[in-house]
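Colleague: To start, I am sharing the structure in question, which I have written as structure tokens.
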Amino acid sequence: MIRLILIVLITIFISSFAVWVANKEGKVIIEWLGWQINTSPGFFLITIFTLSYSVYIILAFLGEVLKMPGKIRNRVKNKRIKKAEIYLQKGIIAAFYGNKEETFKSLDYTKKFLKNSPLMMLLEFQNHVFKKNDKDSFLILSKMIDIPILKPLAI
184 MIRLILIVLI TIFISSFAVW VANKEGKVII EWLGWQINTS PGFFLITIFT LSYSVYIILA
244 FLGEVLKMPG KIRNRVKNKR IKKAEIYLQK GIIAAFYGNK EETFKSLDYT KKFLKNSPLM
304 MLLEFQNHVF KKNDKDSFLI LSKMIDIPIL KPLAI
């Protein structure tokens, strides 16, 4: 409602100003470097407004074009993170069912795009158990003790 009132007030102001300028007699004379421009005040104001608005639109467009690579990069990064989270879920389910190959595949993809999360540590631990790598399993268990949600599993 406030927005509508504001639009109406701005429209009233612009139309009143346009009528006021149209009723006033006068000339705008611009002399520069030997050139002379003669015009009416109304046409001069419309030209200034149009040029200002055009410059604003061009600069806004250029700003969006310059931001585009960053937006695309963030979108791709977010899609990869979501895909890595899906692979993480598949890997945990595969580890639960004892599917070693799917666990390895899921862990490899997840490691590329996710940082250490509790679920990834759990998947990595299960991966080392499948490989019968006791040293790395112990290292992961010692890291899991520091994370409260994984502490009961590590003990």
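Numbering (this note's numbering), first residue to last: 184 to 338.
The C-beta atom is built at its ideal place from N, Cα and C for all residues, glycine as well.
Rounded to whole angstroms, what's the CA-CA distance from G281 to N257? Just pull it up for me.
Modeller: Near 35 Å, if we compare the C-alpha coordinates of N257 and G281.
Colleague: Give the DSSP bridge partners of I220, in chain order.
Modeller: BP columns for I220 point to I213.
Colleague: Which same chain residues end up closer than 8 Å to L306 when comparing Cβ atoms and leaving out the 5 residues on each side of it in sequence?
Modeller: Result list for L306: L271, G274, I275, A278, T286, S289, L290 and T293, in chain order.
Colleague: For S223, tell me which candidate among A201, S235 and K334 has the shortest Cα-Cα distance.
Modeller: Among A201, S235 and K334, the Cα nearest to that of S223 belongs to A201.
Colleague: Please name the residue, chosen from G209, F244 and G217, that lies closest to F227 on a Cα-to-Cα basis.
Modeller: Here the closest residue by C-alpha is G209.
Colleague: How many angstroms separate the CA atom of M184 from the CA atom of I240?
Modeller: Cα to Cα, the separation comes out at about 27 Å.
Colleague: Can you tell me whether F308 is buried or exposed, with buried defined as 16 or more other CB within 10 angstroms of its CB?
Modeller: Result: buried.
Colleague: In three-state terms, what does DSSP make of D329?
Modeller: D329: coil per DSSP, three-state reduction.
Colleague: Quick one: measure Cβ to Cβ for A267 and K295, integer angstroms, because I've assumed they're closer than 8 Å.
Modeller: Yes, A267 and K295 are in contact; Cβ-Cβ is about 7 Å, under 8 Å.
Colleague: Starting from the C-beta of F232, find all residues in its chain whose C-beta is less than 8 Å away, skip the five residues before and the five after it, and write them out in chain order.
Modeller: So no residue of the chain qualifies.
Colleague: Pick from M327, N316, D317 and K318: whose alpha carbon is nearest that of S300?
Modeller: When only C-alpha atoms are compared, the closest one is M327.
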